[in-house]
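Chemist: To start, I am sharing the structure in question, which I have written as structure tokens.
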């Protein structure tokens with residue numbers, strides 16, 4: 203079942219290449235929905251146990267996969283939001299076959315990232331997810347897309363190169379028979395070598411969180427992507443750095459994680475506040491959302507680096523559900539751009555003509571700024587509560603970003619949706635047909651897991667306790 207879930211979207215992407223144009227939307231929707239259904243089936247059965255088989259024996263690479271705990275939660279979110287992206291692409295993009303194929307191919311790579319329990323396999327899926335992301339930017343991006351593409355590729359590939367060197371070093375210096383996580387953990391690297399290997403692995407994960415100063419690719423990437431917001435949603439799902447740190451860095455580099463904890467927590471707290479501060483100055487919705495996402499990832503990093511159970515649980519919870527409401531907000535911006543031809547935050551008066559679009563967007567922003575009763579609150583509050591037990595001052599600094607988030611979100615919302623509509627402006631149509639589902643489904647998820655967090659916490663907490671108890675650094 204786990205293998206089918208991972209590779210089913212890729213099969214759908216390949217079939218789209220030979221599917222008649224009139225049936226492509228239906229085929230993509232079928233494969234996206236079936237993948238989500240398989241994920242829900244796995245959740246009902248308690249996840250998919252570890253499966254391991256030789257892959258490239260000469261190199262020590264294995265095909266080791268598992269979907270349980272946080273990896274299953276993130277896989278479910280990925281499958282859900284991919285389905286939402288497919289639904290919107292079918293309506294928004296003319297002749298969307300290429301876009302749908304790239305979305306499904308990227309979904310397969312992302313599911314592989316979450317399922318991989320072998321470092322070489324993880325690296326392959328990590329790089330495989332990059333290709334559809336680059337192609338969506340190159341094919342559908344804005345006038346400055348090549349500059350954004352080169353910057354995005356440069357940061358990602360540099361980080362990936364350092365990660366690859368660390369992957370090779372972990373096995374070489376530890377003496378593990380394979381690259382499987384359980385073998386690597388049983389043959390640990392020690393001393394200063396572990397610290398250097400951790401830094402190499404951390405570089406790739408910091409690009410994909412991202413953390414300051416390895417974030418410079420992010421605002422241009424989002425600004426130049428297709429105006430619909432679909433590639434931005436998939437890019438949000440590609441922020442897998444936090445998961446990589448939890449699944450691989452903490453088990454393989456425990457001493458280095460403890461040694462560098464104060465520095466990395468400080469870096470994450472600064473990232474959270476910096477992202478929120480820069481977001482406040484933006485007048486482009488896509489750049490604003492990019493910096494808002496950077497701020498959220500700073501909080502995720504703070505929780506992950508703290509090595510505190512409450513904070514780590516909160517970081518993974520926030521990592522999962524910010525994909526839901528941030529991705530939906532990008533699609534909401536795409537709907538706004540389709541109606542008024544701009545993503546400027548100063549258009550004014552949209553609420554008077556498109557009440558449903560404005561109301562759902564506002565509710566999704568409430569989730570983003572961690573209003574109680576919505577999923578964002580549980581993640582952010584848990585991170586700050588746990589981080590406070592480790593470093594009160596750093597928790598306070600990161601906590602300031604939640605105040606700044608309310609300021610930048612509500613200010614931009616006011617100048618876009620409230621105030622007066624300029625004379626002679628185009629009339630703004632309200633939500634139509636499947637657009638209700640595109641924004642309504644993520645909002646329903648944010649509400650559900652804001653008031654009833656137990657199902658997600660039951661997935662995340664046992665895994666966190668297992669990792670941190672082995673680490674011995676709470």
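Residue numbers (my numbering): 203 to 676.
C-beta: ideal position from N, C-alpha, C; glycine also.
Can you tell me which of the three DSSP states residue 217 falls into?
Modeler: Three-state DSSP puts residue 217 in a helix.
Chemist: Would you mind sorting residue 595 into buried or exposed? The rule is 16 or more other CB atoms within 10 Å of its CB.
Modeler: When all chains shown are included, residue 595 counts as exposed.
Chemist: Do you know offhand how far residue 610's Cα is from residue 547's?
Modeler: Cα to Cα, residue 610 sits roughly 11 Å from residue 547.
Chemist: Considering only their Cβ atoms, is the gap separating residue 249 from residue 268 smaller than 9 Å?
Modeler: In this structure, residue 249 lies closer than 9 Å to residue 268 by Cβ.
Chemist: Could you tell me which whole alpha helix (DSSP H) segments of length 4 or greater appear in the region 392 to 422?
Modeler: Whole alpha helix (DSSP H) segments, 4+ residues: 394 to 410.
Chemist: Is residue 430 helix, strand or coil by DSSP?
Modeler: Coil, per DSSP.
Chemist: Cutting at 7 Å between CB atoms, please list the residues of its own chain near residue 617, excluding the five before and the five after it.
Modeler: Correct list, in chain order: 547, 548, 550.
Chemist: DSSP state of residue 664, grouped into three classes?
Modeler: DSSP places residue 664 in helix when its eight states are reduced to three.
Chemist: Across which residues does DSSP place residue 655 in a beta bridge pair?
Modeler: Residue 655 pairs with nothing; no bridge assigned.
Chemist: I'd like to know if the region 282 to 294 and the region 397 to 413 are in contact, where contact means that at least 3 CB-CB pairs between them fall below 8 Å.
Modeler: Taking 8 Å as the limit for Cβ pairs, the verdict is that the region 397 to 413 does not touch the region 282 to 294.
Chemist: Between which two residues does the alpha helix (DSSP H) holding residue 374 run?
Modeler: Its alpha helix (DSSP H) spans residues 347 to 376.
Chemist: What's the C-alpha gap between residue 382 and residue 603?
Modeler: One C-alpha to the other measures close to 38 Å.
Chemist: Can you tell me which residues form a DSSP beta bridge with residue 486?
Modeler: Beta-bridge pairing links residue 486 to 546.
Chemist: Considering only residues of the same chain and omitting the five flanking positions on each side of residue 274, which have a CB-CB separation below 7 Å?
Modeler: The residues are 244, 245, 249, 661.
Chemist: So the beta strand (DSSP E) residue 573 belongs to, where does it begin and stop?
Modeler: Premise fails: residue 573 is in no beta strand (DSSP E) and is neither H nor E.
Chemist: So, residue 340 versus residue 440, is the Cβ gap smaller than 9 Å?
Modeler: Cβ distance not < 9 Å, so residue 340 and residue 440 don't count as in contact.
Chemist: Mind reading off the beta-carbon distance from residue 321 to residue 450? Whole number of angstroms is fine, and I expect it under 8 Å.
Modeler: Going by Cβ atoms, the distance from residue 321 to residue 450 rounds to 7 Å, so yes, they are a contact pair.
Chemist: Could you give the C-beta distance for residue 584 and residue 509, rounded to a whole number, given that I count them as a contact under 8 Å?
Modeler: Between residue 509 and residue 584 the Cβ distance is about 14 Å, and since that is not below 8 Å, they are no contact.
Chemist: Any heavy atom of the ligand ADP closer than 8 Å to the beta-carbon of residue 340?
Modeler: For the ligand ADP, the structure offers nothing, since it holds no ligand at all.
Chemist: Give me the residue from 400, 650, 386, 502 with the minimum Cα distance to residue 361.
Modeler: If we check each option's Cα against that of residue 361, 400 comes out closest.
Chemist: When you compare only the Cα positions, how much space is there between residue 586 and residue 385?
Modeler: The straight-line gap from Cα to Cα measures roughly 34 Å.
Chemist: Determine the direct distance from the alpha carbon of residue 453 to that of residue 669, and round the result to whole angstroms.
Modeler: When rounded, the distance between both Cα atoms is 7 Å.
Chemist: Could you spell out the range, first to last residue, of the beta strand (DSSP E) harbouring residue 253?
Modeler: Taken as a continuous stretch (DSSP letters only), the beta strand (DSSP E) holding residue 253 covers 250 to 258.
Chemist: Using the DSSP secondary-structure output, state which residues sit across from residue 267 in a beta bridge.
Modeler: DSSP output for residue 267 lists 253, 318 as bridge partner(s).
Chemist: Assuming contact is defined by CB atoms lying nearer than 9 Å, are residue 448 and residue 514 in contact in what I supplied?
Modeler: Yes.
Chemist: Going by DSSP, what residue range makes up the alpha helix (DSSP H) through residue 445?
Modeler: Its alpha helix (DSSP H) spans residues 443 to 446.
Chemist: When DSSP labels each residue in this structure, what does residue 382 get in the three-state scheme?
Modeler: Correct three-state label for residue 382: strand.
Chemist: What does the Cβ neighbour count give for residue 258, buried or exposed, with the cut at 16 atoms within 10 Å?
Modeler: Flag for residue 258 reads exposed.
Chemist: I'd like the list of long-range same chain contacts for residue 664, defined as Cβ closer than 6 Å, with 5 residues on each side in sequence excluded.
Modeler: Answer for residue 664: no residue qualifies.
Chemist: May I ask which residues mark the beginning and end of the alpha helix (DSSP H) holding residue 457?
Modeler: Where residue 457 is concerned, the enclosing alpha helix (DSSP H) stretches over 456 to 461.
Chemist: Determine the contact status of residue 434 and residue 314, defining contact as a CB-CB distance below 9 Å.
Modeler: Contact: no.
Chemist: Nearest to residue 423 by alpha carbon, out of 229, 359, 336, 389?
Modeler: When each option's Cα is compared against that of residue 423, the closest is 336.
Chemist: Taking its Cβ as the centre, do 16 or more other Cβ atoms sit within 10 Å of residue 700, making it buried, or is it exposed?
Modeler: Residue 700 lies beyond the residue range present for the chain, which begins at 203 and ends at 676; the question has no answer from this structure.
Chemist: Under 9 Å, do residue 559 and residue 531 count as touching if we go by C-beta distance?
Modeler: It is not a contact, given that the beta carbons lie outside the stated cut-off.
Chemist: Express the C-alpha separation of residue 299 and residue 218 in angstroms, rounding to a whole number.
Modeler: Approximately 7 Å, taken between the alpha carbons.
Chemist: Could you spell out where the alpha helix (DSSP H) holding residue 246 opens and where it closes?
Modeler: Where residue 246 is concerned, the enclosing alpha helix (DSSP H) stretches over 226 to 246.
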